[in-house]
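Asker: Mapping the sequence shown onto full-length UniProt numbering, position 332 (from 1) lands on 332, and the numbers just tick up by one.
Think of the CB as a built atom: it goes at the ideal place given N, C-alpha and C, for glycine as much as any other residue.
Bear in mind that the values here come from a model prediction, so they are computed numbers and not experimental data.
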Amino acid sequence: MGIRKNIGIVGGGLAGLVSAYLLAKNGHSVQLFEKKNYPFHRVCGEYLSNEVVDFLKRESLFPESLDIPQIDTFEFSDTYGQNVLADLDLGGIGISRFVLDDFLFQKAKAAGATIHTGIQVQEVIFIEGGNSFEVTLADGKTFSFDYVVGAFGKRSRIDSEMGRAFTQKRSPFIGVKYHIRIDRPRNVVALHNFKRGYCGINAVEGDRFNLCYLGRREDLRKYGSIPDMEREILWKNPHLNRIFQEAEFLFDKPEVINEISFEKKSPVEQHILMTGDAAGLITPLNGNGMAMAIHAAYLVAETLDQFDKREEIESNYRKLWKEHFENRLTLGRWLQRLFGSNMTSSFARKLLADYPYFSRKIIQNTHGEPF
Ligand SMILES: Cc1cc2nc3c(=O)[nH]c(=O)nc-3n(C[C@H](O)[C@H](O)[C@H](O)COP(=O)(O)OP(=O)(O)OC[C@H]3O[C@@H](n4cnc5c(N)ncnc54)[C@H](O)[C@@H]3O)c2cc1C
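(1) What does a CB cutoff of less than 6 Å around Arg155 pick up in its chain, not counting 5 residues either side in sequence?
(2) What is the DSSP secondary structure of Ser49, reduced to helix, strand or coil?
(3) What does DSSP give as the partner residue(s) for Leu32 in the beta ladder?
(4) Of the residues Ile257, Thr366, Asp252, which one's Cα is nearest the Cα of Ser171?
(5) Kindly indicate which three-state DSSP category Gln122 falls into: helix, strand or coil?
(6) To the nearest angstrom, report how far apart Ser266 and Arg186 are at their CA atoms.
(7) If you draw a straight line from the alpha carbon of Ala111 to that of Glu161, how long is it in whole angstroms?
(8) Return yes when the Cβ of Arg157 is within less than 8 Å of the Cβ of Glu269, no when it is not.
(9) Let me check you understand the geometry: is the CB of Phe325 closer than 7 Å to at least one non-hydrogen atom of ligand 1?
(10) Can Asn193 and Asp78 be called in contact, C-beta distance under 8 Å?
(11) If we count the other Cβ atoms within 10 Å of its Cβ and call it buried at 16 or more, is Thr167 buried or exposed?
(12) Secondary structure at Ala190, three-state DSSP: helix, strand or coil?
(13) Name the DSSP bridge partner or partners of Ser225?
(14) Taking 6 Å as the limit between beta carbons, can you name the residues of its chain near Lys25, skipping five residues before and five after?
See the structure below:
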């Protein structure tokens, strides 16, 4: 390990909590700021690729005591409801963010990180003369750090404060999530297409399933409410029609987000080391954003641990991030074009059915190697 560093982490999702845990465990002084209070639900399909499971187990960050479903099969249906099943080479597990994030929060605290919850970070400024950061909270308190890890997710007020390029463009997408009870195989992750969107369903711990979809803001505006939009658009796919009619919905109302941008971002901006979605969000159809957030947290923690000069830290992290994630993000953006229309989703289904080797290669390329 290099010099002990004073590190601020903004955002306590997977990227923030895992980097807080690793850095605190290695003796650095770590303070993390999360605007919400654990545990809480968030919009996410909650399919976690096996790419990170060995790492989580090795670091005692895997909640072994839970009944966690193993997922080894992929079901894909086009907008007409014609479907195909495929084996998943790497596979994954289903685990709710309500449980996983809270578990990681407890682990990061136990490793020695100070975690401030229920308070928003208002501004992060790099003071050139002081070679340090000033972090200002919504209540006016300020903190000084040598390094800041940006783990504030796909879009935060900090992005706007920093004038990051992607904030200039409005995103057309909305994300909606429910937990449901339904009689379905627990080893299958399904992606069902509907007009201008797609919906994932997979089991999570206990007897629950996650149902999460990416739709369009314009459709919500057109149909006026989420239930009306679902009836008019999602239910046209017979699989979704059946699921919506048979399932027991366990939330009073769905979790909903907008401003989901898949635009390119940069892993280091204004000297902030960006991790997880703050560095770039992969399209959710890959079921890979959670694994990438955990993997990026590992890379940023390793880099801060091994190097002592700011320029070395930034250039090494930028290089590692690009090596591991840049191509996957590009492929994810390309694949998303095959979803959400009659023609392209039928084409994607035929590709999966008729060219399984080729399709498997594409899926493999959106995933990283276990580490
Ligand atoms: C519809 C949809 C479905 C998805 N499904 C899957 C899936 O099935 N599998 C998968 O692997 N990935 C999926 N993803 C992607 C996955 O959810 C993300 O990649 C992952 O959550 C990234 O983790 P993170 O830690 O970077 O960000 P987040 O988990 O979003 O955490 C960021 C945290 O920062 C906090 N924060 C933000 N601003 C501030 C501030 N100013 N001050 C303090 N705190 C702040 C937020 O409250 C939040 O807790 C999906 C994404 C979407 C949109």
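Answerer: The short version:
(1) Counting from 1 along the sequence shown, the entry for residue 155 is found at position 155. These residues qualify, in order along the chain: Glu259.
(2) Your numbering for residue 49 matches position 49 in the sequence shown. It is a strand residue.
(3) Here residue 32 is taken as the residue at index 32 of the sequence shown, counted from 1. Leu32 is bridged to Ile9, Ile115.
(4) Position 171 of the sequence shown, counted from the first residue, corresponds to residue 171. Checking every option, the nearest Cα to that of Ser171 belongs to Ile257.
(5) Numbered from 1 along the sequence shown, position 122 holds the residue referred to as residue 122. If DSSP states are grouped into helix, strand and coil, Gln122 belongs with the strands.
(6) Mapped onto the sequence shown, residue 266 falls at position 266. Mapped onto the sequence shown, residue 186 falls at position 186. Spanning the two alpha carbons is a distance of roughly 37 Å.
(7) Reading the sequence shown from its first residue, position 111 is the one you call residue 111. Reading the sequence shown from its first residue, position 161 is the one you call residue 161. Cα-Cα distance, rounded: 31 Å.
(8) Position 269 of the sequence shown holds residue 269. Position 157 of the sequence shown holds residue 157. Cβ atoms of Glu269 and Arg157: not closer than 8 Å.
(9) Working through the sequence shown from its first residue, we reach residue 325 at position 325. No; taking the cut-off as 7 Å, the Cβ of Phe325 has no heavy atom of ligand 1 nearer than that.
(10) Within the sequence shown, residue 193 is the residue found at index 193, counting from 1. Within the sequence shown, residue 78 is the residue found at index 78, counting from 1. It is a contact, given that the beta carbons lie within the stated cut-off.
(11) By 1-based counting over the sequence shown, the position of residue 167 is 167. Thr167 should be labelled buried.
(12) By 1-based counting over the sequence shown, the position of residue 190 is 190. Correct three-state label for Ala190: strand.
(13) Here residue 225 corresponds to residue number 225 of the sequence shown, with the count starting at 1. For Ser225, which the question treats as bridged, DSSP gives no partner whatsoever.
(14) Reading the sequence shown from its first residue, position 25 is the one you call residue 25. If we look at Lys25 and ignore the five residues flanking it on each side, its Cβ neighbours are Ala111.
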